[in-house]
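One structure is given below, encoded as structure tokens.
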Amino acid sequence: MVANSAAVLVLLAAMACGAAGLNLTDLQRGIRAVQEQVHPAPLIFAGTSNEPLAREVCQELDVPLGRMRVGRFADGEISVQIEETVRGRSVFIIQSTCTPVNDNIIELVLMVNAFRKASAQTITAIIPYFGYARQDRKTARVPISAAAVAHLIETSGVDRVVAVDLHCGQIQGMFGPRLPVDNLGGAIVALPHFTEVLQRRESSKVTVVSPDAGGVERAKKFQDGLRRFGIDAEFAMISKTRSGAGVIASMKLIGDVSGSDCIIVDDMIDTAGTLVEAGNTLRAAGADRVYAFATHGLFNKNALDRIDASVFDEVVVCNTVPLQKTVPKITQLSLGGLLAEAIDRIHNHRSVSVVFSGNTDFRTENSAASSPTRSGVAL
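Here my numbering is used: the first residue of the sequence shown is 2, the next is one more, and so on.
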């Protein structure tokens, strides 16, 4: 019924514009106005953790960033004030739970609560980087932190969660059965970048490297992605022995990387100590060039200085976490288009699976031409 009404209104708008002698641009504006009345655009709000990414998403969707004030009381408590009506609207909150992790989690919870109390129709939490994800399994006398944080976010009143490259897939199952969780992949923007780099170098041998046994599946998917781009990459793995949390006792390379352009693939870079050692291992084994891709560049402690002084030719990350300073060896790719596409599909009740399937051509299927949310109106 709504779709039929929208079609009639769009037709009437087109007829009215034609009768008035208006040009194509005026007709497009008229159609957008009618569509906005029938199916309002999503409301995008940003926490304080990653406002630049939120603004990129809004630019992609051609919508303004929602008005909201986040402040602090004298004792450090967080205050949230929504400064526009959200009643009956679809709300999307973009908030990474990166450093300061605890503040950003509580900020997200309070924002969700505020929108729920303000009668938003649906609330989707877009969490580009999901903190507390590394403690994801039962260990004696240790909390399952990922499950505890998932429960906290769920009970705040959110309707859906969209994350990017969760540390492990089982975190999706830590939310309740009535809460959809979409886990997007950052490789979707990294694959075209590395394809261009490798083709420009005319690399004769390319090897994708997993930094540990737990990352084999992720690295294998990246290898498959390169093959779809016409690069027949080989595979290698680094076996690590740990002597404690974050402490690597030894590294052993499994595979031949001599004369190869190597790409280490991981989900995050924290202090970069392990990454730098992995790069040294590859270079010592005869690698020609050494690259790295990790979706989340946390870069804690002196990670940026470590990478700047390392053997890496380039380290590529996504903008799920703001980069504190520019480092020549670090390239940051934007996920603004990916998140905008996911928001558009969720808002317009279209399939999101094509976005997190790793298909880099997702924007050619039902993109701006069929969506009132995206900029540009098809006639």
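C-beta atoms are modelled at their ideal positions from N, C-alpha and C, and glycine is treated no differently.
For residue i, collect the residues of the same chain with a Cβ closer than 6 Å to its Cβ; drop the 5 residues on either side in sequence, then sort them by chain order.
i: valine 182; result: Val162, Gln173 and Phe176
i: leucine 380; result: Since pLDDT at leucine 380 reaches only 26, below the 50 mark, its modelled position is unreliable, and the value read off the structure follows with that caveat. The answer is none, since no qualifying residue turns up.
i: glutamine 82; result: Arg70
i: glutamine 333; result: Val318, Asn320 and Leu324
i: alanine 220; result: Val209, Ser211 and Val266
Can you look up residue i in the DSSP assignment and give me helix, strand or coil?
i: glycine 48; result: coil
i: glutamate 342; result: helix
i: asparagine 114; result: helix
i: alanine 370; result: Residue placement at alanine 370 is flagged as unreliable, the pLDDT there being 37, under the threshold of 50; the coordinate-derived value follows with that caveat. DSSP places alanine 370 in helix when its eight states are reduced to three.
i: threonine 140; result: strand
i: glycine 174; result: helix
i: histidine 168; result: coil
i: isoleucine 347; result: helix
i: serine 251; result: strand
i: threonine 208; result: strand
i: glutamate 386; result: For residue 386 there is no data in the structure shown, the boundaries of the chain being 2 and 380.
Sorted by chain position, which residues of the same chain lie with C-beta nearer than 8 Å to residue i's C-beta, five sequence neighbours on each side aside?
i: leucine 109; result: Gly48, Ile94, Gln96, Thr98, Ala126, Ile128, Ile154 and Ser157
i: serine 335; result: Leu54, Glu57, Val190, Cys319 and Asn320
i: glycine 170; result: Asn184
i: isoleucine 79; result: Val71, Gly72, Arg73, Asp104, Ile107, Glu108 and Leu111
i: lysine 139; result: Ile145
So what does residue i bridge to, in DSSP terms?
i: serine 80; result: Gly72
i: isoleucine 127; result: Ile95 and Val163
i: glutamine 333; result: Val318
i: tyrosine 292; result: Ile264 and Glu315
Could you tell me whether the Cβ atoms of residue i and residue j are closer together than 7 Å?
i: glutamine 60; j: serine 91; result: no
i: valine 113; j: isoleucine 106; result: no
i: valine 328; j: leucine 305; result: yes
i: arginine 88; j: serine 120; result: yes
i: isoleucine 249; j: threonine 282; result: no
i: aspartate 262; j: serine 204; result: yes
i: glycine 260; j: aspartate 233; result: no
i: alanine 134; j: alanine 147; result: yes
Buried or exposed: residue i, going by 16 or more other Cβ atoms within 10 Å of its Cβ?
i: alanine 285; result: exposed
i: glycine 216; result: buried
i: aspartate 76; result: exposed
i: glutamate 85; result: exposed
i: histidine 168; result: buried
i: aspartate 257; result: exposed
i: proline 43; result: buried
Would you please verify whether the beta carbon of residue i is less than 7 Å from any beta carbon of chain B?
i: asparagine 349; result: Annotation note: the requested chain B is absent from the structure, which comprises a single protein chain.
Output needed for residue i: all residues of its chain with C-beta closer than 7 Å, excluding positions within five of it in sequence on either side, in chain order.
i: phenylalanine 230; result: Leu192 and Thr196
i: serine 311; result: Val277 and Gly280
i: lysine 330; result: Ile308, Asp309, Phe313, Glu315 and Val316
Compute every distance between the C-beta of residue i and the non-hydrogen atoms of the ligand GDP, then say whether any falls below 6 Å.
i: aspartate 137; result: Only the bare structure without any ligand can be found here, which leaves the ligand GDP out of the picture.
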